[in-house]
Ligand code: SAM
Ligand code: SF4
């Protein structure tokens, strides 16, 4: 009998990568690898990387250096790198890191487990070719690992938008939609395994299906997913403000299973900067989308992304980002200091503000957002909320779940409720979470 081998995946970056890591784990189960959360137990370590943040390659090289000691102690330990940095660096990674065994790019998940098996036989290799749209079915391996109340499901790969600062179209390739039948089949299997909530993933879900003849659009896909027995909640990410359609807005009024949350990244509140970013909408258009969404679903919670220190951003431009935040009052905001990405259009723009100025702007933005988050969280105190119970809280003494508006709630309840929808009274609000008490089980759950 062959010994079960242990796989440790270090996932960097976005939800797309979390979903890819689940797929990697699923594909490697077939050749005897079981996922572990303990790096010390691993027979195989995979770094699933992201290039969006500053100095991404440097961080990956540093991480690989820290693994050299483990590899020396255990020469049978295998090391692999996947994701966007693997796509960008390709064979260079193998050349610069002699103790690395294999590299696979963002279009090569379907090739697993081949590179792992080759490495087990002592052969090193890098697979980073983009595959064309005709073979696109292979881009979306379906043998995902079972289990989990809330799961991510990839519906699209790549991006055609070419925002001037962003590396994604270069490292994830052009936009490709997955066939709706394949998406629903995967979700049906997840539901059979106990999944109750799915988050549909794509860089711009609003353009789902539009470039694939014969496939439904995103709003129709949402309705197809809502019809799957066992699925109680649907979320999606990310929605590009320039492509938000009236049917998508109407979905929030028409599909009760669609959660009261939308991630709608503005990136800046200044029209001048939005044009330089090639975002394709104005501040006014962004705001009118928010008004329409709130009309369709009055309790909808809005999160966003904001970049500070884009080349040429003035104090006045930055203040417009702050004033947009004041108008929207995001429940949460992911904010980034602009980082230069080679190949992108913005890399050629003059950037006069200093790192210190950018850091100061980021701190002002974070401080305003903390106020807004606390204010939004506090607005839930005293309300009754439907919560999908996801598991045991970090401290281990309570359960946790999320309200439809995507805020985490902790509450005392029996573990048998994991996987159910329960009604929770919110008794207090903190900066990062809510505290609740269960006042009745089974608000629609099983
Ligand atoms: N497709 C999504 C959209 O359009 O909103 C975003 C995907 S991107 C992986 C996630 C976030 O990273 C972006 O919304 C942006 O705020 C940030 N980001 C991307 N490139 C960046 C850069 N060069 N510098 C700083 N932040 C960046
Ligand atoms: Fe990047 Fe823009 Fe595509 Fe989002 S929409 S992934 S920010 S290019």
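Numbering (this note's numbering), first residue to last: 287 to 732. Glycine included, each C-beta is placed from N, C-alpha and C at the ideal position.
Measuring only from the beta carbon, is residue i closer than 7 Å to any heavy atom that is part of the ligand SAM?
{"i": "residue 671", "result": "no"}
{"i": "residue 526", "result": "yes"}
{"i": "residue 451", "result": "yes"}
{"i": "residue 551", "result": "yes"}
{"i": "residue 373", "result": "no"}
{"i": "residue 591", "result": "yes"}
{"i": "residue 456", "result": "no"}
{"i": "residue 624", "result": "yes"}
{"i": "residue 663", "result": "no"}
{"i": "residue 678", "result": "no"}
{"i": "residue 304", "result": "no"}
{"i": "residue 576", "result": "no"}
So, under 8 Å CB-CB, residue i and residue j are touching, yes? Tell me the CB distance rounded to an integer number of Å.
{"i": "residue 353", "j": "residue 331", "result": "6 Å"}
{"i": "residue 441", "j": "residue 469", "result": "5 Å"}
{"i": "residue 367", "j": "residue 333", "result": "5 Å"}
{"i": "residue 565", "j": "residue 545", "result": "Their Cβ separation, rounded to whole angstroms, is 25 Å, which puts residue 565 and residue 545 out of contact at 8 Å."}
{"i": "residue 309", "j": "residue 395", "result": "6 Å"}
{"i": "residue 336", "j": "residue 298", "result": "4 Å"}
{"i": "residue 482", "j": "residue 705", "result": "6 Å"}
{"i": "residue 514", "j": "residue 474", "result": "6 Å"}
{"i": "residue 573", "j": "residue 613", "result": "6 Å"}
{"i": "residue 413", "j": "residue 390", "result": "5 Å"}
{"i": "residue 508", "j": "residue 541", "result": "6 Å"}
Measure the Cβ-Cβ separation of residue i and residue j and say whether it is below 8 Å.
{"i": "residue 487", "j": "residue 439", "result": "yes"}
{"i": "residue 346", "j": "residue 371", "result": "yes"}
{"i": "residue 590", "j": "residue 562", "result": "no"}
{"i": "residue 703", "j": "residue 663", "result": "no"}
{"i": "residue 554", "j": "residue 596", "result": "yes"}
{"i": "residue 326", "j": "residue 625", "result": "no"}
{"i": "residue 708", "j": "residue 723", "result": "no"}
{"i": "residue 718", "j": "residue 547", "result": "no"}
{"i": "residue 531", "j": "residue 492", "result": "yes"}
{"i": "residue 627", "j": "residue 556", "result": "no"}
{"i": "residue 466", "j": "residue 499", "result": "no"}
{"i": "residue 673", "j": "residue 710", "result": "yes"}
{"i": "residue 604", "j": "residue 647", "result": "yes"}
{"i": "residue 694", "j": "residue 671", "result": "no"}
{"i": "residue 611", "j": "residue 549", "result": "no"}
{"i": "residue 320", "j": "residue 293", "result": "yes"}
{"i": "residue 582", "j": "residue 539", "result": "yes"}
{"i": "residue 785", "j": "residue 632", "result": "In the structure as shown, the chain starts at 287 and stops at 732, and residue 785 therefore has no counterpart that could be examined."}
{"i": "residue 570", "j": "residue 560", "result": "no"}
{"i": "residue 489", "j": "residue 454", "result": "yes"}
Using alpha carbons as the reference points, say which of the options lies closest to residue i.
{"i": "residue 527", "options": "503, 579, 539 and 545", "result": "579"}
{"i": "residue 291", "options": "552, 709, 311 and 446", "result": "311"}
{"i": "residue 517", "options": "451, 543 and 672", "result": "543"}
{"i": "residue 639", "options": "623, 627 and 654", "result": "623"}
{"i": "residue 446", "options": "674, 366, 677 and 460", "result": "460"}
{"i": "residue 359", "options": "329, 383 and 334", "result": "329"}
{"i": "residue 616", "options": "705, 655, 386 and 410", "result": "655"}
{"i": "residue 364", "options": "392, 411 and 394", "result": "411"}
{"i": "residue 524", "options": "683, 482, 297 and 302", "result": "302"}
{"i": "residue 629", "options": "433, 297, 361 and 452", "result": "452"}
{"i": "residue 393", "options": "592, 433, 541 and 306", "result": "306"}
{"i": "residue 444", "options": "476, 514, 373 and 478", "result": "373"}
{"i": "residue 661", "options": "414, 338 and 587", "result": "587"}
{"i": "residue 621", "options": "602, 634, 644 and 637", "result": "644"}
{"i": "residue 480", "options": "649, 437 and 619", "result": "437"}
{"i": "residue 754", "options": "483, 348 and 533", "result": "Not covered by the structure: residue 754. The range shown for the chain is 287 to 732."}
{"i": "residue 716", "options": "680, 667, 594 and 477", "result": "667"}
{"i": "residue 496", "options": "618, 355 and 463", "result": "463"}
{"i": "residue 343", "options": "379, 322 and 362", "result": "379"}
{"i": "residue 409", "options": "489, 386 and 676", "result": "386"}
{"i": "residue 684", "options": "649, 699, 416 and 577", "result": "699"}
{"i": "residue 314", "options": "406, 361, 338 and 300", "result": "406"}
Could you check whether the Cβ of residue i sits closer than 7 Å to any heavy atom belonging to the ligand SF4?
{"i": "residue 445", "result": "yes"}
{"i": "residue 627", "result": "no"}
{"i": "residue 522", "result": "no"}
{"i": "residue 448", "result": "yes"}
{"i": "residue 400", "result": "no"}
{"i": "residue 490", "result": "yes"}
Taking CB distances under 8 Å as the criterion, tell me whether residue i reaches chain D.
{"i": "residue 454", "result": "Going by chain labels, chain D is absent from the structure shown, which holds only one protein chain."}
Considering only residues of the segment 577–624, which uninterrupted beta strand (DSSP E) runs meet the minimum length of 3 residues and lie entirely inside it, listed in chain order? The segment 577–624 contains these whole beta strand (DSSP E) runs: 587–594 and 618–623.
Counting only runs that start and end within the segment 447–495, where is the beta strand (DSSP E) found for 3 or more residues in a row? Here the runs fully enclosed are 483–487.
Taking the runs of the alpha helix (DSSP H) that are 4 residues or longer, which of them lie wholly in the segment 529–563? 532–540 and 557–562, all fully within the segment 529–563.
In chain order, what are the residue ranges of uninterrupted beta strand (DSSP E) at least 3 long that sit wholly in the segment 656–724? Assignment of beta strand (DSSP E) within the segment 656–724, counting only whole runs of 3 or more residues, yields 670–678, 685–689, 694–697 and 707–715 in chain order.
What are the complete alpha helix (DSSP H) segments, minimum 4 residues, inside the segment 300–360? If only complete runs of 4 or more residues are kept, the segment 300–360 shows the alpha helix (DSSP H) at 301–315, 342–352 and 354–359, in order along the chain.
Continuous beta strand (DSSP E) assignments of at least 3 residues falling wholly in the segment 387–420: If we require 3 residues or more, the beta strand (DSSP E) runs fully inside the segment 387–420 come out as 388–390 and 411–413.
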